[in-house]
């Protein structure tokens, strides 16, 4: 999984039936030490009630469909956790306020 | 999912049986802020009645097969939504005209 | 899917049982406008009777197994269409001779 | 699979139900000869009782779900082995102490 | 599939149950014309009795599980063929000795 920050959202009316009611968020992958943007943003489906500004864990590929909410849906990215803290090399690089 | 612009199409007569009747579009991934091209174009299957010039949401991998139209087909990219608007960092970066 | 040119083939006698009788072609991804090489070549399984020199559509990942010929086989790339023509931004960038 | 070093961990309280009780480790991919960092770190699920500082084998994609612990879970990366030694070109590049 | 040279192996005692008895080889992807290293090495499971020094065909992702030996195992890379010869643009770039 990757670590990303939720930075926005996408609105789509004309979409695949199975996407109805899903929250389409824009996630910006971040470096796990500096928390700075690192890589291209993605559209990801929220499965945990997360929102803009939060640091989250994002799963990709077929595994994005392994939640009750996303089963059998045409999505390849899902937010599966809000991150409380990250520790790298014995130092806390992130702690949710 | 990624955000892309539909820029063209591909014609193929001699193709896998299960691709018969599918609309083969060329999608150019775009930056979600500038909407400028960003990355290599792909051939993607339309599942929502989209057309050239539209900004769409594209799903990749096995999840591209998770729609009625694309089930069990040999495709790894599908257009699953026409985007109405994108908001990043509190600003609307795209709004469909 | 990506667009590629068939540039060669691979011979393998000692291979997985399920690959017996499969045609192992080398495909070179190409730019959809210039048709020039763009990216690394792959070994791909022909499913449509294609041959060296043709411009084809190549599918990757688990979807490469979604044809009669490739079902349950250990392959991650398959040629699923011979391309007749490509149109980008209203111009025909390729037309099969 | 890739070779990586476990460098930290992530804490997430609000996460997908099926992730409950899973150990979320941060793995840094390393070069197999120099053992120096090579590539971006990932959040990966431990399935073998591994810990910080160990050199491990990491599997990605749907295959990360092919263990008793990770079956049907929304994860795309799992630690599936602690590495004892690596031999490249006839030389041992790593030996666990 | 990609073409790679087997350059070494990995030893892991503490690993996922389903990996017991599997041969963990290190494969170095190579350019199909020059046969020079091109890309990062991977740990791959041998399914055809291959060994160090051989040029092989490597499959990735879920398809790596589509052999008798690798079914339901947590692996994302498998060696599925020993290559006898490669022909690109009408020239033989590799022939097994």
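Chains as they are written, first to last, in the UniProt record's numbering: chain A, 1 to 97; chain B, 1 to 97; chain C, 1 to 97; chain D, 1 to 97; chain E, 1 to 97. Even for Gly, the Cβ is constructed at its ideal location relative to N, Cα and C. In this text, all values refer to a predicted model and were calculated from it rather than measured experimentally.
Between residue 75/C and residue 63/E, the beta carbon gap of about 6 Å places them in contact (Cβ cut-off 8 Å). For the stretch 56-90 of chain B, residues whose beta-carbon sits nearer than 9 Å to a beta-carbon of chain C comprise 60, 61, 62, 64, 65, 72, 73, 74, 75, 76 and 77.
Flagged as an interface residue toward chain D: residue 15/E, by a C-beta distance shorter than 9 Å. With respect to chain D, the C-beta atom of residue 27/A has no partner C-beta closer than 9 Å. For residue 71/E, the number of other beta carbons within 10 angstroms of its own is below 16, and it is reported as exposed. Going by C-alpha positions, residue 57/A is about 21 Å away from residue 1/D.
The beta-bridge partner set that DSSP reports for residue 9/C consists of 25/C and 87/E. DSSP, read as helix, strand or coil, puts residue 51/D in coil. With respect to chain E, the C-beta atom of residue 44/C has a partner C-beta closer than 9 Å. In the three-state scheme derived from DSSP, where H, G and I count as helix and E and B as strand, residue 61/A is classed as helix. Judged by pairs of C-beta atoms under 8 Å, the stretch 3-15 of chain D does not touch the stretch 3-10 of chain C, as fewer than three such pairs exist. At a Cβ-Cβ threshold of 9 Å, residue 39/D and residue 89/A do not count as neighbours.
Nearest neighbour of residue 24/E by Cα position, chosen from 95/E, 13/E, 92/E and 34/E, turns out to be 13/E. Residue-level contact check: residue 40/A touches chain B, since one or more beta carbons of chain B fall below 9 Å from its beta carbon. Using beta-carbon distances, residue 12/D does not count as an interface residue toward chain E, since no partner is under 9 Å. Residue 49/E has a beta carbon lying within less than 9 Å of a beta carbon in chain C. If you draw a 10 Å sphere on the C-beta of residue 34/D, you find fewer than 16 other C-beta atoms in it, and that means exposed.
At least 9 Å separates the CB of residue 52/E from every CB of chain C.
For the options 32/C, 59/C, 41/C and 53/C, the alpha carbon positioned closest to that of residue 19/B is the one of 59/C.
For residue 44/A, the enclosing beta strand (DSSP E) has its first and last residue at 42-46.
Looking at the DSSP output, residue 79/D shares a beta bridge with 46/D and 58/D. Nearest C-alpha to residue 55/B among 65/B, 22/B and 84/B: 84/B. Residues 3, 86, 88 and 93 of the same chain have their beta carbon placed closer than 7 Å to that of residue 32/E, with the five preceding and five following residues left out of the count. Excluding the 5 residues flanking it on each side, residue 82/E has same chain C-beta neighbours closer than 7 Å at 48, 50, 54 and 56, in chain order.
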